[in-house]
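>
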Amino acid sequence: MVTENELICKCKKVSLADIEHALRNSKSMSDVDAAFADVQKQTACSTGCGKCHDKIYDIISQMMYGLI
Ligand code: FES
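Under the working numbering, the letters of the sequence shown match residues 113 to 180, in that order.
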C-alpha cells in the first residue's frame, strides 16, 4: 500500500501526493502518455535514473481510471 508522502521518484523526491496534485492540474486527462508528460513537466519525476517510470505510469493510469 502506497502512502501519500511516500517518494515514488527518489531521484527527484516526488511523492504520491505530488503526482496526484500535478495530475489534477493536467489538462491531458484522456491520454495516459500525455498526462505522464504533463506530470513530468510539473514535477521532473522520472528524469533521473528512470527506474520509477513504470510505477509512475501505472499510478497515473490508475488515478485516471478512478482505481485509486
Ligand atoms: S527514481 Fe525517479 S528518476 Fe530515479
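Heads up, the beta-carbon is just placed ideally off N, CA and C, and yes, glycines get one too.
Keep in mind that this is a model prediction, so the values were computed, not measured.
Have a look at the DSSP bridge pairing and note the partners of Cys121.
DSSP, once it has assigned bridges, lists Val126 as partnering Cys121.
> Among the residues of its own chain, which have a CB less than 8 Å from the CB of Thr155, if the five just before and after it don't count?
If we look at Thr155 and ignore the five residues flanking it on each side, its Cβ neighbours are Cys121, Lys124, Val126, Asp130, Ile131, Ala134.
> For Asp166, is the classification buried or exposed, using 16 other Cβ atoms within 10 angstroms of its Cβ as the cut-off for buried?
Burial call: exposed.
> Using the rule of at least 16 other Cβ atoms within 10 Å of the residue's Cβ for burial, across every protein chain shown, is Gln152 buried or exposed?
When all chains shown are included, Gln152 counts as buried.
> Between Ile131 and chain B, is the shortest Cβ-Cβ distance under 7 Å, so that the two count as touching?
No chain B appears in the structure shown, which is made up of a single protein chain.
> Taking only three categories from DSSP, how would you classify Lys167?
DSSP places Lys167 in helix when its eight states are reduced to three.
> Look at the Cβ atom of Ser140, then the Cβ atom of Ala147, and state whether they are nearer than 7 Å.
Result yes, Cβ atoms of Ser140 and Ala147 sit closer than 7 Å.
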